[in-house]
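Engineer:
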Amino acid sequence: MKLSTKAVRAGEQPEAITGAVTTPIFQTATYALDQVGVLKGKGLWPDGFDYSRVSHPTKAVLENKLCQLEGGKRCLAFSSGMAAITALMHTLKARDHIIFSEDVYGGIHRLLKQVLNKFGLESDFIDTNNLELVQNTIRENTKMLFVETPTNPLLIVYDIRALAKLAA
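Numbering follows our numbering, in which position 14 of the sequence shown is assigned residue number 48; successive positions increment by one, without gaps.
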């Protein structure tokens, strides 16, 4: 499939009731089950759908489409960037170290300094365009190198390939 075709068709399946070929916007919070513990919608979300806060068909199609466009194995969509960042930070544990580019969204600073530091996460905010500084800041307990590019608010662009090599 060409990129333009993937952008329009990837992840789309005809809707079961109406046959619509474009995924409708599902405006529901809960889903009927045939029996307790048996979810409908297998194939889009790993286990089907039961509550929209977890997933719903519209979101699942978006995730599938983005995954195919990016050539990934799995994609997760969030309602906001901070929701995604918060979920990512919760994959870490006490005494894990994170290196952040110094020009990240201010909400990230607040999340780390006012919330997550209480759980023992260690962090450094540095100039991640200085690859020598990045290399020297990496510790044995460094679990994540977090950069936004372009950054917010200064629109600094980082060399993601070079940073990925250092982080590997």
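Built from N, CA and C at the ideal position, the CB exists for glycine as well.
Could you pull out every unbroken alpha helix (DSSP H) segment of at least 4 residues lying fully inside the region 162-200, listed in chain order?
Structural biologist: Complete alpha helix (DSSP H) runs here, min 4: 165-171.
Engineer: Return the bridge partner residues of HIS131 from the DSSP annotation.
Structural biologist: Note: HIS131 sits in a beta bridge opposite GLU156, THR176.
Engineer: In terms of residue numbering, what span does the alpha helix (DSSP H) encompassing LEU37 cover?
Structural biologist: Segment 37-43, the alpha helix (DSSP H) holding LEU37.
Engineer: Looking at C-alpha atoms only, which residue of PRO187, ASN163, LEU189 is the closest neighbour of ALA198?
Structural biologist: For ALA198, the nearest C-alpha among the options comes from ASN163.
Engineer: Quick one: what's got a C-beta closer than 6 Å to MET116's C-beta in the same chain, skipping five residues either side?
Structural biologist: Taken in chain order, the residues that qualify are GLY141.
Engineer: Could you tell me which residues DSSP puts in a beta bridge with VAL72?
Structural biologist: Paired residue(s): GLN69.
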